[in-house]
Amino acid sequence: MAVNPINNLLNYKYTPMKNQFFSFLIIVMTTATASACEASFTTVVDGSSVAFDPSTSPGPGDVLSYFWEFGDGSASYDNDPVHNYAETGTYVACLTVIFWDSCTAVFCDEIVITEGADCTAEFLYVADGLDVDFEAVTFPGPGDVDNYIWYFGDGSTDEGD
0 MAVNPINNLL NYKYTPMKNQ FFSFLIIVMT TATASACEAS FTTVVDGSSV AFDPSTSPGP
60 GDVLSYFWEF GDGSASYDND PVHNYAETGT YVACLTVIFW DSCTAVFCDE IVITEGADCT
120 AEFLYVADGL DVDFEAVTFP GPGDVDNYIW YFGDGSTDEG D
């Protein structure tokens, strides 16, 4: 018994003896190979906000799940996430794609954030007659603020939170 290398058919030659009864059971086993799969992504960086756009082979209809790791401890299962980085720096973002045929592809790339996150500053106050207590409200949070300078509108200033 041998496999024909040209057409991959199994060749078997049997010569029965006179008045002999026979039967055959042929079991063909093949080893399936996982299809090749690939993943990558492109990004659009706008300040500290990054839009991620995946690309896969085979196409997106064959994708079971996407898993993103942004390199700053954050992650997402969204197909095409937008992520905001809290600080400037270089991050390694990774995309893991699992396809319906169980093939898994991983792609990582560096993300460079050169501009800080947009920040906002507001304040709350409580007035008791002429005494007013102010409280700073900032984004990012107070741990990210270097200094507070207060201008009260009457020419006086103060520093601190």
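Numbering (numbering that gives the first Met the number 0) for the sequence shown: 0 to 160. Beta carbons are placed, not taken as given, at the ideal position from N, Cα and C, and that holds for glycine. Remember, it's a predicted structure, so these values are computed and weren't measured experimentally.
Once you ignore the five residues that flank HIS82 on each side, which residues in its own chain have a CB closer than 6 Å to its CB? VAL49, PHE69
What first and last residue would you give for the beta strand (DSSP E) that runs through CYS93? 88–98
Below 8 Å on the Cβ atoms is my contact criterion, and I expect TRP67 with ALA92 to pass it. Report the Cβ-Cβ distance as a whole number of Å. 7 Å
Cβ separation of PHE51 and ASP79, assumed to be a contact under 8 Å, to the nearest whole Å: 6 Å
Bridge partner(s) assigned by DSSP for CYS107: CYS93
At the level of alpha carbons, what is the spacing between GLY88 and TYR76? 23 Å
Please state whether the Cβ-Cβ distance between ALA38 and PHE106 is less than 7 Å. yes
Contacting residues, own chain, Cβ-Cβ under 6 Å from THR137 (five flanking each side not counted): ALA120, VAL144
Can you give me the Cβ contacts of VAL111 inside the same chain, cut-off strictly under 6 Å, excluding the 5 residues immediately before and after it? THR89
Our contact map puts ALA135 next to PHE122 with C-beta atoms below 8 Å; I'd like the distance itself, whole angstroms only. 6 Å
Coil, strand or helix - ASP145 by DSSP: coil
DSSP puts ASN83 in a beta bridge; with which residues? SER48
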